[in-house]
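Q:
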Ligand SMILES: Cc1cc2nc3c(=O)[nH]c(=O)nc-3n(C[C@H](O)[C@H](O)[C@H](O)COP(=O)(O)O)c2cc1C
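In our numbering, the protein residues as written are 36 to 372.
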């Protein structure tokens with residue numbers, strides 16, 4: 036992708052959406068699962084340390100290889116040293132990895148990240164933020180985007196910050212409609228994001244509390260893009276237009292796919308612990324599943340997780356073509372209450 040890729044897409048009238056970068060979620064297995072159901076979305080990885088990519092012998096080969104079905108894949112990095120961003124970019128753009136773009140994290144509110152001068156701390160140290168983008172922009176042919184927040188604590192001017200990033204070479208901005216101080220509390224506020232787009236020539240992406248494609252379409256106004264994070268947990272259908280509700284059979288089959296991909300990209304022990312948190316989320320709307328949830332969060336191996344899914348299939352075989360989210364399956368119809 037060239038540096039103007041995002042602007043060109045907007046010029047073509049595309050209104051596409053992104054999977055939000057999410058640490059502990061956005062690995063290759065998660066991304067493949069989302070994109071399989073929603074081929075129109077752009078994928079961004081969970082964040083990786085720019086310093087780590089530069090200094091670790093193992094990190095680049097552990098996190099940059101991916102499946103072609105994930106393309107075009109954007110890698111998110113964090114850090115504070117402009118030179119290390121440039122060095123990390125050289126690694127990321129190695130043709131063997133086929134990465135399509137680099138996103139810079141300037142929004143993470145986690146204490147340990149902020150204390151190290153990374154993430155949302157760059158909203159306070161804006162000169163460093165601009166130098167990072169300038170240096171990165173010179174070092175790579177890939178498009179550079181930035182994901183940030185409304186401000187750090189309400190005392191920074193978003194328009195000034197965003198203009199500085201645009202001038203430094205950012206070609207797309209994502210704004211999570213909360214301050215870093217708010218972390219995830221309160222509601223995301225988009226009022227300023229609509230206004231921000233009027234001051235910039237690069238596309239602005241809206242992020243925060245978007246539940247699904249249709250909700251976003253109703254509120255899009257002058258924005259071109261949106262990004263979904265938490266509502267994608269166990270729910271790749273959130274990206275599908277028209278309020279699509281999957282059948283139980285589709286949900287179970289997607290769980291199997293996700294589990295299989297995770298075991299392909301990670302080693303077994305790590306996989307069996309990680310898959311627990313993913314699989315239970317797919318069953319959110321399924322009222323008869325309490326007992327299976329309990330089993331899913333204690334599985335120790337792929338065989339055990341697959342066995343739970345197989346048991347659900349057998350026990351609820353008459354309901355496989357029903358749609359749990361539409362509450363066609365109720366506790367009453369299942370004879371549970
Ligand atoms: C578990 C988790 C991990 C996250 N990790 C990252 C990250 O690595 N990089 C980042 O920019 N944002 C990260 N975020 C923030 C999300 O990308 C997103 O901005 C936030 O969840 C708000 O969007 P949502 O309401 O659609 O979830 C994370 C959020 C969650 C819940």
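Every residue, glycine too, gets a C-beta built ideally from N, C-alpha and C.
Just so you know, these numbers come straight off a predicted model, no measurement behind them.
Quick one: residues in its chain with C-beta nearer than 8 angstroms to the C-beta of residue 187, no 5 flanking neighbours on either side, listed in chain order?
A: Within the chain shown, residue 187 is the residue found at index 152, counting from 1. Counting only Cβ-Cβ distances below 8 angstroms, and skipping sequence neighbours, we find 155, 156, 158, 159, 214, 215 and 216.
Q: Name the DSSP bridge partner or partners of residue 139?
A: To locate residue 139, count along the chain shown from 1; it is residue 104. DSSP lists 112 and 181 as partners of residue 139.
Q: If you pair each beta-carbon of the region 102-120 with each one of the region 129-148, do three or more pairs fall below 8 angstroms?
A: The region 102-120 vs the region 129-148: in contact.
Q: In terms of residue numbering, what span does the beta strand (DSSP E) encompassing residue 211 cover?
A: What you label residue 211 is simply residue 176 of the chain shown in a count that begins at 1. It spans 207-211 - the beta strand (DSSP E) in which residue 211 sits, taken as one unbroken run.
Q: Going by DSSP, what residues sit across from residue 77 in a beta bridge?
A: The residue labelled residue 77 in the question sits at position 42 within the chain shown. BP columns for residue 77 point to 53.
Q: Counting C-beta neighbours from all protein chains within 10 Å, is the total for residue 60 16 or more, i.e. buried, or is it exposed?
A: On the chain shown, position 25 is the one that residue 60 refers to. It is buried - the Cβ of residue 60 has at least 16 other Cβ atoms within 10 Å.
Q: If we count the other Cβ atoms within 10 Å of its Cβ and call it buried at 16 or more, is residue 82 buried or exposed?
A: Within the chain shown, residue 82 is the residue found at index 47, counting from 1. Buried, since its Cβ has 16 or more Cβ neighbours within 10 Å.
Q: Alpha carbon to alpha carbon, what distance is there between residue 236 and residue 298?
A: Looking up residue 298 in the chain shown gives position 263. Looking up residue 236 in the chain shown gives position 201. When rounded, the distance between both Cα atoms is 43 angstroms.
Q: Specify whether the region 330-342 and the region 253-260 touch according to this definition: at least 3 beta carbon pairs, one from each stretch, less than 8 angstroms apart.
A: No, because fewer than three Cβ pairs between the region 330-342 and the region 253-260 fall closer than 8 angstroms, the two stretches do not touch.
Q: Three or more C-beta pairs under 8 angstroms: does that hold for the region 85-95 against the region 64-73?
A: Too few Cβ pairs lie closer than 8 angstroms, so no.
Q: Since residue 260 sits in a beta bridge, which residues does DSSP pair it with?
A: In the chain shown, counting from the first residue as 1, residue 260 sits at position 225. DSSP output for residue 260 lists 240 as bridge partner(s).
Q: I need the straight-line Cα distance from residue 177 to residue 346, nearest angstrom please.
A: As a working note, residue 177 is residue 142 in the chain shown. As a working note, residue 346 is residue 311 in the chain shown. In a straight line, the C-alpha of residue 177 is about 47 angstroms away from that of residue 346.
Q: How long is the line joining the alpha carbons of residue 372 and residue 326, rounded to whole angstroms?
A: On the chain shown, position 337 is the one that residue 372 refers to. On the chain shown, position 291 is the one that residue 326 refers to. A caution first: residue 372 carries a pLDDT of 49, below 50, which makes its placement in the model unreliable, though a value can still be read off. Rounded to the nearest angstrom, the two C-alpha atoms are 14 angstroms apart.
Q: For residue 128 versus residue 175, is the C-beta distance shorter than 7 angstroms?
A: Within the chain shown, the letter at position 93 stands for residue 128. Within the chain shown, the letter at position 140 stands for residue 175. Closer than 7 angstroms, so yes.
Q: Let's see if you can read the secondary structure: which residues bound the alpha helix (DSSP H) around residue 251?
A: Counting from one through the chain shown, the residue named residue 251 turns up at place 216. Where residue 251 is concerned, the enclosing alpha helix (DSSP H) stretches over 248-254.
Q: Going by beta carbon distance, what residues of the same chain come within less than 8 angstroms of residue 36, once the five residues before and after it are set aside?
A: Taking the first residue of the chain shown as position 1, residue 36 is located at position 1. Correct list, in chain order: 107, 135, 136, 177 and 178.
Q: Check each candidate in 203, 309, 263 and 360 and name the one with the smallest Cα separation from residue 38.
A: If you number the chain shown from 1, residue 38 lands on position 3. The option with the nearest alpha carbon to residue 38 is 203.
Q: Is the beta carbon of residue 82 within less than 6 angstroms of some heavy atom of ligand 1?
A: On the chain shown, position 47 is the one that residue 82 refers to. True, at least one ligand heavy atom lies under 6 angstroms from that Cβ.
Q: With DSSP run on the structure shown, which of helix, strand or coil describes residue 84?
A: For the purposes of this step, residue 84 is taken as the residue at position 49 of the chain shown. Note: residue 84 maps to strand in three-state DSSP.
Q: How many angstroms separate the CA atom of residue 73 from the CA atom of residue 269?
A: Walking along the chain shown from the start, residue 73 turns up at place 38. Walking along the chain shown from the start, residue 269 turns up at place 234. One C-alpha to the other measures close to 13 angstroms.
Q: Can you give the beta carbon distance from residue 181 to residue 168, rounded, assuming they're within the 8 angstroms contact cut?
A: Within the chain shown, residue 181 is the residue found at index 146, counting from 1. Within the chain shown, residue 168 is the residue found at index 133, counting from 1. At roughly 7 angstroms, the Cβ-Cβ gap stays under 8 angstroms, so residue 181 and residue 168 are in contact.
Q: Looking at ligand 1, does it come within less than 6 angstroms of residue 101, judged from the CB to the closest heavy atom?
A: Here residue 101 refers to the residue found at position 66 of the chain shown. Residue 101 Cβ: outside cutoff for every heavy atom of ligand 1.
Q: Buried or exposed for residue 309, please, with buried defined as at least 16 other CB atoms from any protein chain shown within 10 angstroms of its CB.
A: Here residue 309 refers to the residue found at position 274 when the chain shown is read from its first residue. By the 10 Å Cβ count, residue 309 comes out buried.
Q: For residue 152 and residue 185, which I take to be in contact (beta-carbon distance under 8 angstroms), what is that distance rounded to the nearest angstrom?
A: Within the chain shown, the letter at position 117 stands for residue 152. Within the chain shown, the letter at position 150 stands for residue 185. Residue 152 to residue 185, Cβ: 20 angstroms. No contact.
Q: Since residue 240 and residue 53 should fall inside the 8 angstroms C-beta cutoff, what is the C-beta to C-beta distance between them, to a whole number of angstroms?
A: To locate residue 240, count along the chain shown from 1; it is residue 205. To locate residue 53, count along the chain shown from 1; it is residue 18. That belief holds up - the Cβ atoms of residue 240 and residue 53 are roughly 6 angstroms apart, short of 8 angstroms.
Q: Using a Cβ-Cβ cut-off of 7 angstroms (strictly less than) and excluding sequence neighbours within five positions of residue 196, which residues of its own chain qualify?
A: Working through the chain shown from its first residue, we reach residue 196 at position 161. Taken in chain order, the residues that qualify are 158 and 161.
Q: Beta carbon of residue 356, beta carbon of residue 282: below 7 angstroms?
A: Within the chain shown, the letter at position 321 stands for residue 356. Within the chain shown, the letter at position 247 stands for residue 282. Yes, these two residues count as a Cβ contact at 7 angstroms.
Q: Within its chain, find whatever has a CB closer than 7 angstroms to the CB of residue 232; leave out the 5 residues flanking it on each side and keep chain order.
A: By one-based count along the chain shown, residue 232 stands at place 197. Same-chain partners within the cutoff: 239, 257 and 258.
Q: Using only the alpha-carbon positions, how far apart do residue 285 and residue 102 sit?
A: Here residue 285 is taken as the residue at index 250 of the chain shown, counted from 1. Here residue 102 is taken as the residue at index 67 of the chain shown, counted from 1. Distance between the alpha carbons of residue 285 and residue 102 is about 22 angstroms.
Q: DSSP three-state call for residue 225: helix, strand or coil?
A: Translated into positions along the chain shown, residue 225 becomes position 190. Looking at residue 225 - three-state DSSP - the assignment turns out to be coil, as it is neither helix nor strand.
Q: Say yes only if the C-beta of residue 182 is nearer than 6 angstroms to one or more non-hydrogen atoms of ligand 1, and no if none qualify.
A: Numbered from its first residue, the chain shown carries residue 182 at position 147. Yes, the Cβ of residue 182 comes within 6 angstroms of a heavy atom of ligand 1.
Q: From residue 358 to residue 272, what does the alpha carbon distance come to, in whole angstroms?
A: Within the chain shown, the letter at position 323 stands for residue 358. Within the chain shown, the letter at position 237 stands for residue 272. Residue 358 and residue 272: Cα-Cα distance of roughly 12 angstroms.
Q: State the Cα-Cα distance for the pair residue 48 and residue 279, rounded to the nearest angstrom.
A: Within the chain shown, numbered from 1, the residue matching residue 48 stands at position 13. Within the chain shown, numbered from 1, the residue matching residue 279 stands at position 244. Rounded to the nearest angstrom, the two C-alpha atoms are 24 angstroms apart.
Q: Using only CA atoms, which one of 201, 193, 198 and 252 lies nearest to residue 228?
A: In the chain shown, counting from the first residue as 1, residue 228 sits at position 193. Considering only alpha carbons, the answer is 193.
Q: Check residue 48 in the structure and name its three-state DSSP category.
A: Your numbering for residue 48 matches position 13 in the chain shown. Coil at residue 48, not helix or strand.
Q: Measure the CB-CB distance between residue 76 and residue 56 and report whether it falls below 7 angstroms.
A: Sequence index remark: in the chain shown, residue 76 carries index 41 (1-based). Sequence index remark: in the chain shown, residue 56 carries index 21 (1-based). Cβ distance not < 7 angstroms, so residue 76 and residue 56 don't count as in contact.
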